[in-house]
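Visitor: If you scroll down you'll find the structure; I have some questions about it.
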Amino acid sequence: MSAIDLPRNLPLGQRVLFAIPLLGRIAKEVTYGDSDNIYYSIAAGLSLWGIAILLFGIPGLYIPALAMVPVIWTLLILISRG
31 MSAIDLPRNL
41 PLGQRVLFAI
51 PLLGRIAKEV
61 TYGDSDNIYY
71 SIAAGLSLWG
81 IAILLFGIPG
91 LYIPALAMVP
101 VIWTLLILIS
111 RG
């Protein structure tokens, strides 16, 4: 049993996202959990990026940023379409 009560009929995209083991739990907590969870997940993401920079140096800085280019590009297209 989950600690968060979910609606009975979730859209397909949310069901697929929530089924991913680690990311799904984080997304579920941010979407339906406490309102402060978004700040904790942002802090965790920035901390992981900082750890990658400490471990791998310059590639740890620019490879995650480079990997986010298609995501941001898609978001910009979705925003511009309304």
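Heads up, my numbering is the position in the sequence shown plus 30, with the first residue counted as 1. By construction, the Cβ of each residue, glycine as well, lies at the ideal position given by its N, Cα and C atoms.
Return helix, strand or coil for GLY90, following the three-state DSSP convention.
Guide: Correct three-state label for GLY90: helix.
Visitor: From which residue to which residue does the alpha helix (DSSP H) around PRO100 run?
Guide: 99 to 111 is the span of the alpha helix (DSSP H), which, as asked, contains PRO100.
Visitor: Is the beta carbon of ILE56 sitting closer than 7 Å to the one on SER71?
Guide: In this structure, SER71 lies closer than 7 Å to ILE56 by Cβ.
Visitor: Note down the Cα distance separating ALA97 from LEU105, rounded to an integer number of angstroms.
Guide: C-alpha separation (whole angstroms): 14 Å.
Visitor: Whose C-beta lies closer than 8 Å to the C-beta of ILE68 among residues of the same chain, with five residues either side of it excluded?
Guide: VAL60, listed in sequence order.
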